[in-house]
Each structure stands twice: as C-alpha cells, then as structure tokens.
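**Q**
There are 2 protein chains.
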Amino acid sequence: MRQSLLFTKTRKDAPKDEIAKNAQLLIRAGFVHKEIAGVYSFLPLGLRVMNKIVGIIREEMNSIGGQELSLTALQDKKIWETSGRWDDSVVDVWFKTKLKNNSELGLAFTHEEPLTNLVSEYVRSFRDLPVYVYQFQTKFRNETRAKSGIMRTREFLMKDLYSFSKNENEHIIFYEKAKNAYVNIFNKVGLGDKTYITFASGGSFSKYSHEFQTITDAGEDNIFVCKDKNIAINKEVLNEEVLNDLGLKKEDLIEKKSVEVGNIFSLGTKFSDAFELNYSDESGTKKPVIMGSYGIGPARIMGTVAEVLSDEKGLVWPDSIAPFSIHLLLLGDGNAKVECDNIYEKLLKSNIDVLYDDRDMRAGEKFADSDLIGIPMRVVVSEKTLQSKSVEIKYRNSDKVEIMEISEFQKKFLK
Amino acid sequence: MRQSLLFTKTRKDAPKDEIAKNAQLLIRAGFVHKEIAGVYSFLPLGLRVMNKIVGIIREEMNSIGGQELSLTALQDKKIWETSGRWDDSVVDVWFKTKLKNNSELGLAFTHEEPLTNLVSEYVRSFRDLPVYVYQFQTKFRNETRAKSGIMRTREFLMKDLYSFSKNENEHIIFYEKAKNAYVNIFNKVGLGDKTYITFASGGSFSKYSHEFQTITDAGEDNIFVCKDKNIAINKEVLNEEVLNDLGLKKEDLIEKKSVEVGNIFSLGTKFSDAFELNYSDESGTKKPVIMGSYGIGPARIMGTVAEVLSDEKGLVWPDSIAPFSIHLLLLGDGNAKVECDNIYEKLLKSNIDVLYDDRDMRAGEKFADSDLIGIPMRVVVSEKTLQSKSVEIKYRNSDKVEIMEISEFQKKFLK
Numbered sequence: 396m397r398q399s400l401l402f403t404k405t406r407k408d409a410p411k412d413e414i415a416k417n418a419q420l421l422i423r424a425g426f427v428h429k430e431i432a433g434v435y436s437f438l439p440l441g442l443r444v445m446n447k448i449v450g451i452i453r454e455e456m457n458s459i460g461g462q463e464l465s466l467t468a469l470q471d472k473k474i475w476e477t478s479g480r481w482d483d484s485v486v487d488v489w490f491k492t493k494l495k496n497n498s499e500l501g502l503a504f505t506h507e508e509p510l511t512n513l514v515s516e517y518v519r520s521f522r523d524l525p526v527y528v529y530q531f532q533t534k535f536r537n538e539t540r541a542k543s544g545i546m547r548t549r550e551f552l553m554k555d556l557y558s559f560s561k562n563e564n565e566h567i568i569f570y571e572k573a574k575n576a577y578v579n580i581f582n583k584v585g586l587g588d589k590t591y592i593t594f595a596s597g598g599s600f601s602k603y604s605h606e607f608q609t610i611t612d613a614g615e616d617n618i619f620v621c622k623d624k625n626i627a628i629n630k631e632v633l634n635e636e637v638l639n640d641l642g643l644k645k646e647d648l649i650e651k652k653s654v655e656v657g658n659i660f661s662l663g664t665k666f667s668d669a670f671e672l673n674y675s676d677e678s679g680t681k682k683p684v685i686m687g688s689y690g691i692g693p694a695r696i697m698g699t700v701a702e703v704l705s706d707e708k709g710l711v712w713p714d715s716i717a718p719f720s721i722h723l724l725l726l727g728d729g730n731a732k733v734e735c736d737n738i739y740e741k742l743l744k745s746n747i748d749v750l751y752d753d754r755d756m757r758a759g760e761k762f763a764d765s766d767l768i769g770i771p772m773r774v775v776v777s778e779k780t781l782q783s784k785s786v787e788i789k790y791r792n793s794d795k796v797e798i799m800e801i802s803e804f805q806k807k808f809l810k
Numbered sequence: 396m397r398q399s400l401l402f403t404k405t406r407k408d409a410p411k412d413e414i415a416k417n418a419q420l421l422i423r424a425g426f427v428h429k430e431i432a433g434v435y436s437f438l439p440l441g442l443r444v445m446n447k448i449v450g451i452i453r454e455e456m457n458s459i460g461g462q463e464l465s466l467t468a469l470q471d472k473k474i475w476e477t478s479g480r481w482d483d484s485v486v487d488v489w490f491k492t493k494l495k496n497n498s499e500l501g502l503a504f505t506h507e508e509p510l511t512n513l514v515s516e517y518v519r520s521f522r523d524l525p526v527y528v529y530q531f532q533t534k535f536r537n538e539t540r541a542k543s544g545i546m547r548t549r550e551f552l553m554k555d556l557y558s559f560s561k562n563e564n565e566h567i568i569f570y571e572k573a574k575n576a577y578v579n580i581f582n583k584v585g586l587g588d589k590t591y592i593t594f595a596s597g598g599s600f601s602k603y604s605h606e607f608q609t610i611t612d613a614g615e616d617n618i619f620v621c622k623d624k625n626i627a628i629n630k631e632v633l634n635e636e637v638l639n640d641l642g643l644k645k646e647d648l649i650e651k652k653s654v655e656v657g658n659i660f661s662l663g664t665k666f667s668d669a670f671e672l673n674y675s676d677e678s679g680t681k682k683p684v685i686m687g688s689y690g691i692g693p694a695r696i697m698g699t700v701a702e703v704l705s706d707e708k709g710l711v712w713p714d715s716i717a718p719f720s721i722h723l724l725l726l727g728d729g730n731a732k733v734e735c736d737n738i739y740e741k742l743l744k745s746n747i748d749v750l751y752d753d754r755d756m757r758a759g760e761k762f763a764d765s766d767l768i769g770i771p772m773r774v775v776v777s778e779k780t781l782q783s784k785s786v787e788i789k790y791r792n793s794d795k796v797e798i799m800e801i802s803e804f805q806k807k808f809l810k
C-alpha cells in the first residue's frame, strides 16, 4: 500500500500514562491506539500483524483436527451458576451487565462453560468423540491494574481450543499434539528460542499444567529455566517434589522474568461433570468426557515480540508476522519516482506485501519512520542508486547495507 | 471435511422459544446455537458462511479505498459524553458495565465517537484527507425484544465503514461509490434481485439516507417499492414531498415487508464538530471534516438468505456464501467407499470446498440432512451409480437429477 494513503502517522511520543515499552512503540509507530487503560484498538498496521499471527495459529489448530467456531461474549448467568463460577467472590475478573428486564449477563472471560453446555447437546456415544473445537474470540477481564501494554488487557482476542476425549489416554495423545503445535506456533512467530515449556500448577485433575513462557523483563511471571533440557518451572510450584519429578537440580536452574504466551491445561471431568457431558461407551456404559483447554493470545504474542525483538530505533518484526515484507522508500522525485513506481507495481503483481513510502518528506524522516515501523526489509530507490541502476537493500535486523542491481533484485524477489 | 468428524449434527426440532424461521433452520442444520434470546454462537458450518460473507464485503470495501482496523467493544464514558450520546435517555440500547474502581464503561453499539476521536489525532491538513476506514467488529445492543432470529440480535458482527472527506463534493463522490459497492455485495451474496435502495430519513445534514431493504415477510420494516425504477421509499418518510423529489406516484408503488440489510448515511459535521475534527485547507483556513457512515451486518445477511432462499426441506445457499460448494454423499460401502474416498481426495486437491458424508447411515437420512444443510451441489456415489461408472448430481435449487460419468465429472469439476 502507498504510505501516503495510510491514515496513521508515526508519533514522537506515546501518551504520558503509557508505561509499557511494547505499547509505547506500537502507539508511536501507529499499530495500536489506547482507548482506556488496558483497552487498545488495532490500527491498519497492527491489524495486519494480528491477522498474520491468527493465520499461523489457525493453521496449526486445523492441522491437529481443530474445528473453528465462534461463541458469544454475552453470557447466561444460569450456565455459570451450574459450574459455580458466576459469583464475583469466586471469579474476580467478571464484567457484568444487565438486560432491560434487569436480568444479569456476564461478559465472557473464558468459555469452558458455554462450550461444554453446547457440546453436551451433540455428544451421546463414543462415536461422537473425540471433539476438538477452537475459536478466536474476544475475552473481557476486569483487571484491577493494566500496566503491561497489550500484553495484559481488559479486552483481548484469544484463541482457545477445548478438547473432549473418551478417556485419559486419548486425552494425553491430543495434549501432546497440542503441545507440539504450540511449539510450532512460537517458532513461527519468532519467539521460539526465548520461549520455554514451563511446568505450572495443574489443579485437581492433573499434577501439572504447561505454560509457554517467553523470557522478558517486561513479564509478570518468574520462572526457573533449565537450558540443557529446554524446560522451565514456574516459581509458584517450585519445590523438591517438582524437581524430583523432572529430574532437575535447583542449582542447574536460572531464575528469569517471563510472560506467559500460552498455556495448556487438563481439565479432567470438572466441567463435564457439572454439565452432565457423558457418553455411552462400546458396552453401553455411561462415562464422563475428559476435557482439556489450550489458550493463546495473539495480541500478547504481538506485544511480546514488540518487547523482545525491538531495539532503540523501534520495532523489528519477523517476516512471518510483519505488517509488510518490504518497505520501499522513494527518495527524490522525477526519474527516481518513475522507477520506484515501477518496482512497486511489480512487487504488487508478485503478491508481495509492500508498504511504499511515496510521501514528500526528507530522507532522514523516512529512514526514522522505517526503523520505527520495523518492516523486515528496506529497499531504497534514489537518483544516487539509479546511477548504478541499483536499489539499496537493508534488513531491519542487520546494519549491513547492500547495493543490488535492479535486474538482480527483480530476479531474486519478483515472481 | 468428513462429515463423520463434524461435531454438530442436524436436529429434528429447534428450541421451543425460537420463533424465527431463519434461526429455526440454522439451529436444526447446525449452523448456529442459541445462547440467550438474541444471542447466537456460530458453529463450524455457520462460521464458514459468515467468513465467506465477510470476505465478499472486505473485497468491496478494499476496492473503494477502505483501510481496515479494529476498534474496541469497551467504551470510555467521556468520549460519548462529548457527543451527548452517553445518557440512556438519548440512546436506549446501551449495555453498560463497570471497572473495579466503579467507573462506568459502555459496550459499543456503534463506533462514530471513538473513531472520530481517533482520526482527529491523525488529521491536520488537507493532505491527510480523505480517509476511509472500516472494521468488522462486534456491536452490543440492548434490544427490548429479540424475536427475529439472527436478523436482529443483542450481539452481532457489523461491518461499519466511516468516510472523512474535505468537502461535500468529495463526500458525495465517495457516497456514490459506497452505494455501488453495496449493490455489488448484495448481488454477490444472492440477495440482489430482492434488495432495493430505499430512501429513508436523513437527519440534520442530508435530506435522505439510503437503506438497502430486502423483501421478506420476516422483516420488521415497511417499504414502498417502485419496480420500474428499482428503488423504494421507507414508509416512515413517505409523503408528497418525497414522491415529488423522486418523481414517483403513490399508485405506482407496492407496499412490502422488508429487512434492512445495509444502510449508508451522511453524517455531515455532527461528529467532527463534537470532536473538533478539523483540517487546514490549501489556503490555511480551518474547516470541519465531512463524515459518512456505511453499515452492513454479515449475520443479518446470513439470516436473510436463510429466510428468503430456503424451502420446505431446508436451507438453500448460493455458492458464493455456502459453507461448502459440494456435498459428496457415499451410499453403501466396499467399492463405493473406495471410489468415493478417491473422488473426495481429488476434490480436496483441486481446492474445492467439499463436505463428505462418509457416515454409516441410511440413504434417506443422508438426503434429508443434505437438503436441510443446503449445500448448492449434491454428488452421490453408490454401487448403483458405479455400475455405469457414474455419479449422480443434483443442485439444491433444482429438482433435476443428472447422471454423469466420473470421467466427465472430473473433467468438469476438478482442476
């Protein structure tokens, strides 16, 4: 797209009350807009990143048999009373509202209850299982404080998958598949080498749950990392028993600040018992369904990438989730403009996501904007580069500047 | 996808409290699930339809220069007090909630206010205009009654585009472009010949707004249609002056029940005045921005198609928005199953959306399910069709059954 048409512009400063680095950078670069503390809108550049993250997650969820659906935000009090999670003394992040007849509704902070209720209408027999369903849906959480930018917000898109299995064995096989899919996701979005599968508290149905924790000082969690085994333990559960279970020694672990970018959780029969989600097995015996939940927040991934991969000049996107793959900068006009327009059209025809800075603005400002926005590859066309029939190429994550003949550029990057 | 894996199943009956035909059919066929009156979840089949409708709308919005973003549901009281629309006595569809510090938030029923506020941070000069932004975002409306199925709900996805223009002339040019884009959308989703551009009340900045009204007895509106001119007038504004303006005579008009599937509206400077959204023109003079709003509800389109294109056997989807293009039915097993599996794999490889009914179930039940679900083309493979090396083809919107040799079927439908 032509940058002259993009309605957002970069800014020198973020709002004064914005203390999180990720949000400061994303606001300055025009990716997000702060509406209220902990509530952010996604502007065109930010929405492009979100959609790419969503696409990566969706592909992985489909590959393990997930069926996509979309539940509602407005929640029926009855359903949540069934599981005992309606009361604000049990769940302290509810936003609640009312119909005109004064009956109370909740805004979903998660979806175990409505989904278990829904699935119970379709599952009768062992033939109807297993079922794996997921959604990208907005969650609302009434957080007391919101100071981590888009990494912890009061309204956010979440991918939540829920598994419904016939027995513990079928559950564990899927749980491991989901774990692998999560590893793939964090590798693809560029957080793989900083993200650890972390043993955390499991609740009443399994000893542990598994969190995916990315090392960053901006995180709110503390974990103990074992680099050799590529795993970690959440500080909340660290004790002798856990160390024994995992064959680890305290002295081999390093304490780190981290952010939870995903989690997978065995729910056992907690919700299937509450909603009488049972099935008849091959012998006609009634059995409860075994459930698991698997969560990931696309915006938290975006915020975490903004925290850990940025530098003093701005954002640094991996190509997989960048708003555009190429930032094409025109310096000057006349012949340079003709040639740059030409390259832009060819990139579009090759289906390459390109942001074309065709604005009438000084070179220094264009370079600064480009660094702040953080598109992986910068291509400059100017009278000077054209003297050698070339363009200048620089990758955002490198300081090297390369001069490449246009013919070679076309051969290499155009289809 | 294999229907044996689809977790939803068809049902004989919809919930007793569901009185709208569209929701009855969509629930029975497994497209939506009713959570509360006026609040519906979208199941895998329904979400596929929604996504196709969203895709059609997005393509048209991009083609007229729309930039996609995503605003929030949670709304800041301050912003709405600025325009005078916070008070429940002014807007009677608010859902409101509270932060823990007891400050009130609203759930967006529309987004003029936050978007005007946002755009005012980026627009300074005539060079920054025009701006056309749109989103697919969930709206919440506290409707007193909800009895039209998914055609009028308390929580729904809406595409809303807002235009910001330098002057009335620039506004009108875009307004006409948007009108044409809407015509394209309704043609593409299969409602074109039942949908009329309808003159409706315009508010203080323009004499008329334009609604897109689709003829159906399930609608809540009344319009007067002029078939010759292919336009209509909303009953609410019908008077001598309007007839004169449009050069119509009352006796040439036919009164019809209809549903408003889209609307476009000139907002003038109502919101730009409230939010001081001004720009400096070429001579440095400060001028207010002229706005327009352009709304469409994808779920209402889906509900309207379910109302007007269905028959006594079930849903009838146009190919453009059908959950799948082909419903492949296997009758029998053995050789038929081998051949049907083979055709299924080939359809997948050709990137054709196919639902494969591979379930162990009687032919009559499969045919009834297929009619209820309403996929445009049904392809049956059985021992009988294989005796002539053929498949049986039937289109959902026709009674004709055609026998086609497999070789011809492959030539015609596989890439």
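Those sequence lines, one after another, are chains B and G.
With the first letter of the first sequence counted as 1, position 77 gets the number 472 in my numbering; the numbers rise by one all the way through.
With the first letter of the second sequence counted as 1, position 237 gets the number 632 in my numbering; the numbers rise by one all the way through.
Yeah, the Cβ is synthetic: ideal placement off N, Cα and C, and Gly gets one too.
This one's a predicted model, so the numbers in the text were calculated from it and none came from an experiment.
Taking 8 Å as the CB-CB cut-off, is B:Val528 touching chain G?
**A** What you label residue 528 of chain B is simply residue 133 of the first sequence in a count that begins at 1. Yes - at least one Cβ of chain G is within 8 Å of the one on B:Val528.
**Q** Closest to B:Glu615 by CA distance: which of B:Leu438, B:Arg547 and B:Ser515 is it?
**A** In the first sequence, counting from the first residue as 1, residue 615 of chain B sits at position 220. The shortest C-alpha separation from B:Glu615 is found at B:Arg547.
**Q** Threshold first: 4 residues or longer. Then list the alpha helix (DSSP H) segments lying entirely within the region 664-720 of chain G, N to C.
**A** The qualifying runs are 665-669 and 693-703.
**Q** Answer yes or no: do B:Glu550 and G:Thr467 have a C-beta to C-beta separation smaller than 8 Å?
**A** As a first step, residue 550 of chain B must be located in the first sequence, where it is residue number 155. As a first step, residue 467 of chain G must be located in the second sequence, where it is residue number 72. The answer is yes: Cβ separation under 8 Å.
**Q** From what residue to what residue does the beta strand (DSSP E) around G:Leu566 run?
**A** What you label residue 566 of chain G is simply residue 171 of the second sequence in a count that begins at 1. In the sequence on display, residue 566 of chain G carries His and not Leu. First-last for G:His566: Glu563 to Lys583, but that is the alpha helix (DSSP H), not the beta strand (DSSP E).
**Q** Between B:Asp483 and B:Lys493, what straight-line distance do the alpha-carbon atoms span, to the nearest angstrom?
**A** If you number the first sequence from 1, residue 483 of chain B lands on position 88. If you number the first sequence from 1, residue 493 of chain B lands on position 98. Approximately 15 Å between the Cα atoms of the pair.
**Q** I need the straight-line Cα distance from B:Arg754 to G:Leu556, nearest angstrom please.
**A** Residue numbering aside, residue 754 of chain B sits at position 359 when the first sequence is read from its first letter. Residue numbering aside, residue 556 of chain G sits at position 161 when the second sequence is read from its first letter. The straight-line gap from Cα to Cα measures roughly 25 Å.
**Q** Give a yes or no on whether the minimum CB-CB distance between B:Pro509 and chain G is below 8 Å.
**A** Taking the first residue of the first sequence as position 1, residue 509 of chain B is located at position 114. For B:Pro509, the answer is yes, since a Cβ of chain G falls inside 8 Å of its Cβ.
**Q** Spell out whether any CB of chain G is found under 8 Å from the CB atom of B:Asn537.
**A** Numbered from its first residue, the first sequence carries residue 537 of chain B at position 142. With 8 Å as the cut-off, B:Asn537 counts as an interface residue toward chain G.
**Q** One question on the structure: do G:Leu704 and G:Gly585 come within less than 8 Å of each other, judged by their Cβ atoms?
**A** Taking the second sequence and counting its residues from 1, the one referred to as residue 704 of chain G is at position 309. Taking the second sequence and counting its residues from 1, the one referred to as residue 585 of chain G is at position 190. It is a contact, given that the beta carbons lie within the stated cut-off.
**Q** Output the distance between the C-alpha atoms of G:Glu631 and G:Glu655, rounded to the nearest integer angstrom.
**A** Numbered from 1 along the second sequence, position 236 holds the residue referred to as residue 631 of chain G. Numbered from 1 along the second sequence, position 260 holds the residue referred to as residue 655 of chain G. Straight-line Cα distance between these residues: approximately 13 Å.
**Q** Would you please state the rounded distance, in angstroms, between the beta carbons of G:Asn446 and G:Phe670? I believe it to be under 8 Å.
**A** Translated into the one-based positions of the second sequence, residue 446 of chain G becomes position 51. Translated into the one-based positions of the second sequence, residue 670 of chain G becomes position 275. In fact, because the Cβ distance is near 34 Å, the residues do not count as touching under 8 Å.
**Q** Note down, one range per segment and in chain order, each alpha helix (DSSP H) of at least 4 residues found wholly within the region 436-462 of chain G.
**A** As far as the region 436-462 of chain G is concerned, its whole alpha helix (DSSP H) runs of at least 4 residues are 439-458.
**Q** Considering Cα atoms alone, identify which of B:Ser745, B:Lys708 and B:Leu643 is closest to B:Lys761.
**A** The count along the first sequence starts at 1 and reaches residue 761 of chain B at position 366. That would be B:Lys708, whose Cα lies nearest to the Cα of B:Lys761.
**Q** In chain G, what lies closer than 7 Å to B:Val434 by C-beta?
**A** Residue 434 of chain B sits at position 39 when you count from the first residue of the first sequence. In chain order: Thr467 and Leu469.
**Q** Bridge partners for G:Arg773 per DSSP, in chain order?
**A** Counted from its first residue, the second sequence places residue 773 of chain G at position 378. In DSSP, G:Arg773 forms a bridge with G:His722 and G:Lys789.
**Q** Using the beta-carbon of each residue, which ones in chain D are nearer than 9 Å to G:Thr477?
**A** This model lacks chain D altogether; the protein chains it does include are B and G.
**Q** In terms of residue numbering, what span does the beta strand (DSSP E) encompassing B:Gln782 cover?
**A** Locating residue 782 of chain B in the first sequence gives position 387, counting from the first residue. Here B:Gln782 belongs to no beta strand (DSSP E); instead the alpha helix (DSSP H) covers Glu778 to Gln782.
**Q** For the putative contact between B:Phe531 and B:Leu502, defined by C-beta atoms under 8 Å, what is the C-beta separation to the nearest angstrom?
**A** By 1-based counting over the first sequence, the position of residue 531 of chain B is 136. By 1-based counting over the first sequence, the position of residue 502 of chain B is 107. About 17 Å separates the two Cβ atoms, so there is no contact after all.
**Q** For G:Met553, which three-state DSSP category applies?
**A** Walking along the second sequence from the start, residue 553 of chain G turns up at place 158. Three-state result, G:Met553: strand.
**Q** Between which two residues does the alpha helix (DSSP H) holding B:Ser478 run?
**A** Stepping through the first sequence from its first residue, residue 478 of chain B is reached at position 83. Unbroken alpha helix (DSSP H) run through B:Ser478: Lys472 to Ser478.
**Q** Counting only beta-carbon separations shorter than 8 Å, does B:Arg757 have a partner in chain G?
**A** As a working note, residue 757 of chain B is residue 362 in the first sequence. Answer no: the Cβ-Cβ gap between B:Arg757 and chain G never drops below 8 Å.
**Q** By DSSP, does G:Met396 sit in helix, in strand, or in coil?
**A** The residue you call residue 396 of chain G lines up with position 1 of the second sequence. It is coil, neither helix nor strand.
**Q** Three-state secondary structure (DSSP) at G:Lys810?
**A** As a first step, residue 810 of chain G is located in the second sequence; it is residue number 415 there, counting from the start. Reduced to three states, the DSSP call for G:Lys810 is coil.
**Q** Hey, does G:Gln608 have any beta-carbon neighbour from chain B nearer than 8 Å?
**A** Position 213 of the second sequence, counted from the first residue, corresponds to residue 608 of chain G. No, because no Cβ of chain B sits closer than 8 Å to the Cβ of G:Gln608.
**Q** Leaving out the 5 sequence neighbours to the left and right, which residues in its chain are closer than 6 Å to G:His722 when beta-carbon positions are compared?
**A** By 1-based counting over the second sequence, the position of residue 722 of chain G is 327. The answer, listed in chain order, is Leu750, Ser765, Ile770 and Arg773.
**Q** From B:Asp668 to G:Leu767, what distance separates their C-alpha atoms?
**A** Here residue 668 of chain B corresponds to residue number 273 of the first sequence, with the count starting at 1. Here residue 767 of chain G corresponds to residue number 372 of the second sequence, with the count starting at 1. Each residue's Cα considered, the two are about 33 Å apart.
**Q** Buried or exposed for G:Met745, please, with buried defined as at least 16 other CB atoms from any protein chain shown within 10 angstroms of its CB.
**A** For the purposes of this step, residue 745 of chain G is taken as residue 350 along the second sequence, with counting starting at 1. According to the sequence provided, residue 745 of chain G is Ser. The question's Met does not apply to it. Counting Cβ neighbours within 10 Å, G:Ser745 comes out exposed, since fewer than 16 surround it.
**Q** Closer than 8 Å, CB to CB, is G:Arg549 near chain B or not?
**A** Taking the second sequence and counting its residues from 1, the one referred to as residue 549 of chain G is at position 154. Yes - at least one Cβ of chain B is within 8 Å of the one on G:Arg549.
**Q** On the three-state DSSP scale, how would you describe B:Lys491?
**A** On the first sequence, residue 491 of chain B is found 96 positions in, with the first residue counted as 1. B:Lys491 falls in the strand class under three-state DSSP.
**Q** Between B:Glu636, B:Ile747 and B:Val578, which has its C-alpha nearest B:Lys602's C-alpha?
**A** Within the first sequence, the letter at position 207 stands for residue 602 of chain B. Nearest of B:Glu636, B:Ile747 and B:Val578 to B:Lys602, Cα basis: B:Glu636.
**Q** Distance check for G:Val776 and G:Asn792, CA to CA, integer angstroms please.
**A** Taking the second sequence and counting its residues from 1, one reaches residue 792 of chain G at position 397. Taking the second sequence and counting its residues from 1, one reaches residue 776 of chain G at position 381. Spanning the two alpha carbons is a distance of roughly 20 Å.
**Q** Cα separation between B:Ser399 and G:Pro525?
**A** Against the first sequence, residue 399 of chain B aligns to sequence position 4. Against the second sequence, residue 525 of chain G aligns to sequence position 130. Cα-Cα distance, rounded: 11 Å.
**Q** According to DSSP, simplified to helix, strand and coil, what is G:Tyr739?
**A** Locating residue 739 of chain G in the second sequence gives position 344, counting from the first residue. DSSP places G:Tyr739 in helix when its eight states are reduced to three.
**Q** Would you please verify whether the beta carbon of B:Gln462 is less than 8 Å from any beta carbon of chain G?
**A** Translated into positions along the first sequence, residue 462 of chain B becomes position 67. Cβ-Cβ to chain G under 8 Å: yes for B:Gln462.
**Q** Does the pairing of the region 433-441 of chain B with the region 563-576 of chain G give three or more beta-carbon distances under 8 Å?
**A** Judged by Cβ distances under 8 Å, the region 433-441 of chain B makes no contact with the region 563-576 of chain G, as fewer than three pairs qualify.
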